[in-house]
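Structure first, then comments.
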Amino acid sequence: MSILLVGINHKSAPVEVRERLAFTEEACSTGLHTLVDGEIVREGLIVSTCNRVEILAETSSERLSDSIERVNEFLSRTDSVPRSFFETHLYQHTDDEAVRHIFRVASSLDSMVVGEPQVLGQVRRAYSIALEAGTAGRILNRLVHHAFRVAKRVRNETGIGANAVSISYMAVELGKKIFNSLEGHTALLIGAGEMAELSARHLINAGVSRVLLANRTEERAQRLAAELGGETVDFADLSKHLAEADIIICSTAADQYLITEQIVREALGKRRNRPSFFIDISVPRNIDPAVGKIPNVFVFDIDDLESVISSNIREREREAERAELIVESEIMQFAQTLRVLDIGPTIGALKNKLQDIAKAELTRQRNRLGPLTAAQETAVEALLVSTVNKISHPLLSHMRRSYDSSDAEAIQAWRDIFGLEE
Amino acid sequence: MRSLLLAVLAAYVVSAIHAVLAFLNKRRALQRVSEWAMATGFVLHTAALIADWAIDGHYPLFTRRETLSFLAWTLVASYGLVLYRYRARPLGVVTLPLVSLLIFLAAVIRPTTPDNAEASIRSAIWLFPVHTTLFLFAYAAFFVVFLASIMYLLQERELKLKTFSAIFYRLPSLTTVNEIATSSTAIGLTLLTVGIATGMVWASSRYGRLWHNDPKEIFAVLTWLLYLLLILYRSTSGWRGRKAAWMGVAGFALVLLTFLGARLMGGYHVFG
């Protein structure tokens with residue numbers, strides 16, 4: 016039994032290659048039926064996202080090279096994508112290496128942004144497609160569930176996904192740090208640039224209940240307001256709206272301070288000193304740095320955010336090292352699980368062994384039987400072998416069932432009964 | 004009931020260690036162990052207090068040993084409430100070791116032979132135990148205010164400096180610690196008010212005097228004034244955040260003086 020993983024990711028291949036090899040969900044499901052023939056490739060799973068295409072397959076050890084060939088053939092869509100186009104970008108891992116790779120993918124250690132949580136959901140989806148297609152069997156079930164467990168451990172035991180590593184997410188994280196929950200809070204966007212829009216979307220996802228937009232060109236503000244479900248406000252009335260807003264994101268092209276200490280102090284008086292959180296992503300800055308000195312007001316400009324983010328990235332990298340250790344120990348555990356379960360070959364050997372015993376006994380006692388005709392000779396041997404087979408058949412089929420259902424406890428019992436070694 | 008108290012100590016120590024480890028490693032499993040150990044400790048502790056009461060025949064808040072143990076009990080109860088209401092686990096990182104220390108002291112202090120007659124007389128009139136109990140709960144509430152204020156100040160400072168240390172992400176949000184401080188101030192102040200009132204009524208019925216000019220009384224009234232000021236400022240919203248937090252810290256210094264006042268400066272109040 017061998018596990019094989021063939022794939023490309025954002026590190027090994029540029030997007031031109033990845034997009035050619037990517038599978039839609041339907042293509043995954045039909046593709047799996049083509050790929051898994053039950054003989055060369057016995058089980059299969061396809062993970063296809065914008066950053067990676069991974070084919071995970073289970074095969075017998077003897078037919079490993081055939082199945083590598085089969086997977087490559089499959090990736091080339093029976094030659095509609097020339098192999099030379101992607102071959103140099105492919106990586107191939109077998110057994111422990113393949114297990115390590117899928118564990119690292121699920122734990123987001125192999126992601127472009129280490130620790131991002133989406134990839135686990137993508138692996139889950141890929142698994143459920145394979146389950147529906149009926150191509151995830153006893154080995155892949157174990158493997159994928161184990162990968163989920165590793166991902167969970169990594170997430171719980173390391174801080175790999177802890178701190179924000181993008182500006183728009185940083186706004187949410189700091190907002191939560193100040194306001195606890197963003198629900199019931201109001202955000203004000205001054206300037207409707209792309210970055211502001213992205214931040215606003217994150218804030219809305221995180222529960223901000225009201226979004227105000229102020230833009231010099233009314234038109235763009237209205238379009239964005241319609242998209243985000245916000246309301247536009249008059250640019251000239253900023254100081255009034257500052258009092259309503261808990262989170263203010265500034266991103267205009269103005270070349271002077273739009274928000275001065277004076278107007279913030281006034282707004283704060285109207286807010287009864289409830290804290291305000293300003294994010295200034297415009298260059299040159301729109302918020303007077305003096306605003307940051309006012310109590311209960313927190314101002315982050317682009318450099319502040321960048322420096323927090325880079326320290327968060329370093330923190331994630333440190334945590335990733337701890338995560339790799341968890342992955343290593345889980346690979347060993349998984350190998351152990353497989354060894355325990357893998358008595359398939361032993362069942363065959365056991366059957367042969369019982370027959371050999373019968374034949375050996377016949378040879379030993381042959382002299383005492385005197386001369387026999389050829390037909391009689393065969394009959395005696397058949398008698399012995401079929402007796403042995405009839406007696407052992409229910410046992411062996413029971414063993415096979417335990418093996419197929421991966422019932423570790425029963426398998427251990429069989430091992431004990433027949434004194435089988437791992 | 005020393006053996007029971009040692010069991011309580013063991014439970015609190017286990018709880019404290021797990022709380023600290025959970026804080027450092029962000030492990031939920033450790034936190035659960037900490038909370039179960041604390042709950043177990045609290046149940047045993049309550050049993051120990053009741054047993055003391057039954058055996059010694061007076062309300063278990065009279066000798067120094069009893070006071071330490073009772074104070075620890077109020078601290079655990081308060082932390083339990085904060086945990087239940089706000090899930091503010093980092094509070095336990097300070098509270099639980101402190102509680103363990105108090106119980107340890109209570110367990111090793113040589114039991115002073117209390118003036119049993121006096122103790123019985125005092126606990127016979129219900130006003131007296133009510134007075135002392137309210138005070139201890141008020142102290143515990145102000146301790147919560149103190150911790151919440153410290154957590155506020157730490158985070159506020161880092162938000163202003165825009166550099167975040169490792170503990171920044173482990174603390175509850177500014178709003179949460181602010182709320183904890185506000186509501187604990189209100190609770191503490193209420194308890195203190197009633198505590199002072201019952202003390203006065205009790206003193207006047209026993210000694211015929213409301214006020215003895217004793218340092219503990221003076222500090223108690225100063226403390227009361229300070230927290231009253233704090234709550235007024237908070238509710239009129241002029242003071243939020245940093246200033247209120249500093250006041251919560253400063254207030255606790257007064258609380259300590261009130262608590263230890265009698266011992267350090269004499270006076271007619273008999274215990275801490």
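From first to last, the protein sequence lines stand for chains A and B.
In short: position in the first sequence from 1, add 15, done, that's my numbering.
In short: position in the second sequence from 1, add 3, done, that's my numbering.
Each residue gets a CB set at the ideal place from its N, CA and C atoms; glycine is no exception.
Residue-chain proximity (residue i, chain B), Cβ-Cβ < 7 angstroms
{"i": "residue 194/A", "result": "yes"}
{"i": "residue 311/A", "result": "yes"}
{"i": "residue 319/A", "result": "yes"}
Proximity below 7 angstroms, CB of residue i to CB of residue j
{"i": "residue 190/A", "j": "residue 292/A", "result": "yes"}
{"i": "residue 276/A", "j": "residue 306/A", "result": "yes"}
{"i": "residue 266/A", "j": "residue 210/A", "result": "yes"}
{"i": "residue 201/B", "j": "residue 134/B", "result": "yes"}
{"i": "residue 135/A", "j": "residue 121/A", "result": "yes"}
{"i": "residue 68/A", "j": "residue 36/A", "result": "yes"}
{"i": "residue 91/B", "j": "residue 148/B", "result": "no"}
{"i": "residue 25/B", "j": "residue 99/B", "result": "no"}
{"i": "residue 104/A", "j": "residue 187/A", "result": "no"}
{"i": "residue 257/B", "j": "residue 229/B", "result": "yes"}
{"i": "residue 110/A", "j": "residue 27/A", "result": "no"}
{"i": "residue 186/B", "j": "residue 248/B", "result": "no"}
{"i": "residue 287/A", "j": "residue 130/A", "result": "no"}
{"i": "residue 105/B", "j": "residue 75/B", "result": "yes"}
{"i": "residue 72/B", "j": "residue 109/B", "result": "yes"}
C-alpha distance - residue i paired with residue j, whole-angstrom precision
{"i": "residue 299/A", "j": "residue 237/A", "result": "25 angstroms"}
{"i": "residue 232/B", "j": "residue 252/A", "result": "37 angstroms"}
{"i": "residue 367/A", "j": "residue 403/A", "result": "10 angstroms"}
{"i": "residue 302/A", "j": "residue 201/A", "result": "19 angstroms"}
{"i": "residue 178/A", "j": "residue 52/B", "result": "45 angstroms"}
{"i": "residue 176/B", "j": "residue 60/A", "result": "43 angstroms"}
{"i": "residue 220/B", "j": "residue 211/B", "result": "16 angstroms"}
{"i": "residue 334/A", "j": "residue 185/A", "result": "19 angstroms"}
{"i": "residue 380/A", "j": "residue 429/A", "result": "31 angstroms"}
{"i": "residue 58/B", "j": "residue 209/B", "result": "26 angstroms"}
{"i": "residue 176/A", "j": "residue 218/B", "result": "54 angstroms"}
{"i": "residue 212/A", "j": "residue 219/A", "result": "10 angstroms"}
{"i": "residue 48/A", "j": "residue 194/A", "result": "51 angstroms"}
{"i": "residue 223/A", "j": "residue 198/A", "result": "5 angstroms"}
{"i": "residue 179/B", "j": "residue 155/B", "result": "9 angstroms"}
{"i": "residue 145/B", "j": "residue 102/B", "result": "15 angstroms"}
{"i": "residue 197/B", "j": "residue 137/B", "result": "7 angstroms"}
{"i": "residue 437/A", "j": "residue 407/A", "result": "Note that residue 437/A scores 48 on pLDDT, short of 50, meaning its location in the model is unreliable and no value can be drawn from it."}
Start-to-end residues for the alpha helix (DSSP H) that takes in residue i
{"i": "residue 238/A", "result": "233 to 243"}
{"i": "residue 53/B", "result": "31 to 59"}
{"i": "residue 163/A", "result": "153 to 172"}
{"i": "residue 55/A", "result": "From DSSP, residue 55/A is part of no alpha helix (DSSP H); its letter is neither H nor E."}
Closer than 7 angstroms to chain A by CB, residue i
{"i": "residue 186/B", "result": "no"}
{"i": "residue 251/B", "result": "no"}
{"i": "residue 92/B", "result": "no"}
{"i": "residue 5/B", "result": "no"}
{"i": "residue 8/B", "result": "no"}
{"i": "residue 178/B", "result": "yes"}
{"i": "residue 24/B", "result": "no"}
{"i": "residue 35/B", "result": "no"}
{"i": "residue 232/B", "result": "no"}
{"i": "residue 245/B", "result": "yes"}
{"i": "residue 156/B", "result": "no"}
{"i": "residue 235/B", "result": "no"}
{"i": "residue 162/B", "result": "yes"}
Reduced DSSP secondary structure (H/G/I, E/B, other) of residue i
{"i": "residue 275/B", "result": "Unreliable positioning characterises residue 275/B in this predicted model, as indicated by a pLDDT of 42, which lies under 50. A coordinate reading is not provided."}
{"i": "residue 65/B", "result": "coil"}
{"i": "residue 16/B", "result": "helix"}
{"i": "residue 337/A", "result": "helix"}
{"i": "residue 313/A", "result": "strand"}
{"i": "residue 301/A", "result": "coil"}
{"i": "residue 437/A", "result": "No answer about residue 437/A holds up, because its pLDDT of 48 lies below 50 and its placement is not dependable."}
{"i": "residue 65/A", "result": "coil"}
{"i": "residue 282/B", "result": "Because chain B spans 4 through 275 in this model, residue 282/B falls outside it and cannot be assessed."}
{"i": "residue 121/A", "result": "helix"}
Endpoints, the beta strand (DSSP E) within which residue i is located
{"i": "residue 203/A", "result": "201 to 205"}
{"i": "residue 106/A", "result": "106 to 109"}
{"i": "residue 24/A", "result": "17 to 24"}
{"i": "residue 81/A", "result": "First-last for residue 81/A: 79 to 90, but that is the alpha helix (DSSP H), not the beta strand (DSSP E)."}
{"i": "residue 225/A", "result": "225 to 229"}
Any non-hydrogen atom of the ligand FAD within 6 angstroms of residue i CB
{"i": "residue 113/A", "result": "No copy of the ligand FAD occurs in the structure displayed, which carries no ligand at all."}
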